[in-house]
Structures are given as structure tokens and as C-alpha cells.
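Heads up, the thing below is written out as C-alpha cells.
Residue numbers (the working numbering), protein chains in the order written: chain U, 417 to 529; chain S, 771 to 886.
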């Protein structure tokens, strides 16, 4: 099973709202990723977790707050977002940061009004 | 630093014909992995094929093959017998070795349209 799940599929929020995106995998992978993708552009790396510890933060604004409560679950907490944060947010995982194939979830399409 | 270049923003192919999507890369890591992903309009990134930098043979997965030319730093994707369902955006990506551990670098993508 190479499935990464993400909820919700779609999210519309106002600039004052607080919401969370959820990502889950049961492949025993210990590296998990958040990417942001704008239309017709490549994914941009936001965060990397390795063994539940934040390994890479690509200078993401603090209105995005990642959390890795356990090895299967990755959250992205959103607060006071801007309309330009509207994008597809993709979660991905791999066995660890030094192994190869990375598996992506279906993404959450976020619209900030 | 790693860099992936895809020079074809858009490509057209007739159904049942083969098509090659170009990808060149640059890295200072001696060990790296190269990937191709397909992204239909639904948004999901679908893993297609992987090539390790030390692999002696070109990777193949069904109708997909990766034409790996290490000296030229190219990793082109060949899709044989194109189908209408192959219409999508295709990304070439690289995973770096120790100096870039954990990061994947993506090219700008190529939009493939398969014509009936």
C-alpha cells in the first residue's frame, strides 16, 4: 500500500480563520513533507519532518505551523492567511530522508478569501 | 545547489505514438535519484519512474522508460504507445545526496496533450 491520504480535499477560509490540514500514511515512512503548489508551477517545499522532528523549514511564514504528532500523521495549522496563500497543498512521504521514492497525497485545494 | 531543467513547456503527441519529454539536471552530489511524476488536472502527483545515479541500466515501468545519460546529465522520459489518459503535466525531479538530504528539486514541468 503506497497511499498517502489528505483531508480535507477542498478548504475555503477567511483571513481571520484558523484551520488545519491533515496528512496520514501507514507505510512506516519516517520522512514527511509539506509542499505548496500554485497552478501550472512545480511544487515548492515548505517543511520536512524526519523521525517526527522538524528537519527543514524553507523560510515559511509563521502563519503556517507544521506539527508531526506521531510517525503516521502530519498536520499543517493555518492562521491569518493571505489570499496569495491560496494553492494546492501537497503532503508526501518517503521511507526516510535518504531513500528515494517519494509518495504524494492527493492534495488539499485551499482558497483564502 | 541542485537544478532541474525541462525545456518543453508543452508537447503534443498523436494517440498510440511514442513521445520523449526532456529533462536535464545539475548537482554537485555524487549520489542522487531522478524521478518523473505525472500530475493530471485533478492535482494528485503520481510517481512514474525512478533512476538512481549509480544504476547501470535505464529504468523501465510498463510504458514508461527513463533514458539516463549521466555524462550529459539528462534523464528523459519516454512514453510509448501514448493514450488519451496520458494527457497531464509531467515533472522531472531530483533527490539530492548528503548535502541536500531530504529535499527534492522539481523542474517547471511539461504539459503533454495526447490527440485522438
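A virtual CB, placed ideally from N, CA and C, is assigned to each residue, including glycine.
No experiment lies behind these values; they were computed from the predicted model shown.
(request) Give the DSSP-derived three-state secondary structure of residue 477/U in the structure shown. (result) coil
(request) Within the same chain, show all residues whose beta-carbon is closer than 7 Å to that of residue 822/S, passing over the 5 residues directly before and after it, in chain order. (result) 803
(message) Residues of the segment 472 to 485 of chain U in Cβ contact with chain A at a cutoff of 8 Å, in chain order, please.
(response) Within the model displayed, chain A is absent; protein chains U and S are what it includes.
(request) Could you have a look at residue 882/S and say whether DSSP puts it in helix, strand or coil? (result) strand
(request) Give the DSSP-derived three-state secondary structure of residue 459/U in the structure shown. (result) coil
(request) Given a cut-off of 9 Å, decide if residue 858/S and residue 786/S are closer than it, judged by their beta-carbon atoms. (result) no
(request) Please report the residue range of the beta strand (DSSP E) in which residue 435/U lies. (result) 434 to 441
(message) Rounded to the nearest angstrom, what separates residue 827/S and residue 865/S at their Cα positions?
(response) 19 Å
(request) Go to residue 772/S, then tell me how far its beta strand (DSSP E) extends in each direction, as first and last residue. (result) Careful: residue 772/S lies outside any beta strand (DSSP E) and carries neither H nor E.
(request) Using the Cα positions of residue 505/U and residue 461/U, report the straight-line distance between them to the nearest angstrom. (result) 10 Å
(request) Starting from residue 819/S, trace the beta strand (DSSP E) both ways and give me its first and last residue. (result) 816 to 822
(message) Below 8 Å on the Cβ atoms is my contact criterion, and I expect residue 772/S with residue 875/S to pass it. Report the Cβ-Cβ distance as a whole number of Å.
(response) 4 Å
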